[in-house]
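Chemist:
In the numbering used here, the protein residues as written are 1 to 309.
1) State buried or exposed for residue 137, treating a residue as buried only when at least 16 other CB atoms are found within 10 Å of its CB.
2) Which residue wins for smallest C-alpha separation from residue 78, given the options 98, 69, 66, 70?
3) Give every residue of the same chain whose Cβ lies closer than 8 Å to the Cβ of residue 107, excluding the five residues on either side of it in the sequence, and list them in chain order.
4) Alpha carbon to alpha carbon, how far is residue 250 from residue 20? Give it in angstroms, no decimals.
5) The alpha helix (DSSP H) spanning residue 143 covers which residue range?
6) Assuming residue 79 is part of the alpha helix (DSSP H), what are its boundary residues?
7) Have a look at 237, 236, 255 and flag the residue whose alpha-carbon is nearest the alpha-carbon of residue 245.
8) So what does DSSP say about residue 98, is it helix, strand or coil?
9) Distance check for residue 181 and residue 213, CA to CA, integer angstroms please.
10) When you compare each of 184, 139, 232, 16 to residue 148 by their alpha carbons, which one comes out closest?
11) Identify whether residue 261 lies in helix, strand or coil by the three-state DSSP scheme.
12) For residue 194 versus residue 226, is the C-beta distance shorter than 8 Å?
13) So, are the CB atoms of residue 235 and residue 114 less than 8 Å apart?
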């Protein structure tokens, strides 16, 4: 084969690949468009947003309109450090969005509930997957059936229970129930545990290891991808949870990020949309960073948990 033939062959192979890259790039831009819109709105002055104009994406100005005001990123320090808008006439706007305080409250709830959720779900899943006992399948079916009960049905009874316990206005209702596991996470971990070799556990039992020792020293270390998936799902749920904090928290200094974001949207028709978009972006960024760091383990856990059993 001559040099020209090899060049023609490379061109023929490269053309479909280039087409695939262009297609994937176009689809990626479609998914990134909302995020780019949030960034543009967060640096656009409110008066320009009211005219339907965005920084970075200006539309042609009408003959009687002034030129587009340059981008202004002053909303970010106000959101990040909880600075009040002293020029606002609306009393609600004068209450700052205290990002660091709300993030600290959210992280406290995430940390306290994450340990209990992962540990209790793993223990329950291990029992359903590896420990034979009468009625095991029936109990697992009942556990799965709890996923069919919608939260609005449970909302009033659980609120009354927490009220009698004196937990309303505290973080307790938001993290204590996590220590009793979750049906979805139990199902996910059980599927993974069923795929582990039975011989590993039988050898340990013959050597005198207890069931708890098998679970703690053999099953859990082998289940890191599945545990990472459960942990990531739970972090995302708590990070975005709005209804739970809305029901159980009473004071603004206890607000989580999701609840604080809703409070930023005033009821007087004077919502600071640039600050709202800046706060939304600051709330989303930690989740994106977490996914980027954990994506390999997350995808591996999904692939090995959902196809077995």
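Where a beta carbon is used, it is the ideal one built from N, C-alpha and C, also for glycine.
Modeler: According to the structure data:
1) By the 16-neighbour rule on beta-carbons within 10 angstroms, residue 137 is exposed.
2) 98
3) none
4) 52 Å
5) 136-145
6) 75-80
7) 255
8) coil
9) So the alpha carbons of these two residues sit roughly 21 Å apart.
10) That would be 184, whose Cα lies nearest to the Cα of residue 148.
11) Collapsing the DSSP output to three states places residue 261 in a helix.
12) It is not a contact, given that the beta carbons lie outside the stated cut-off.
13) yes
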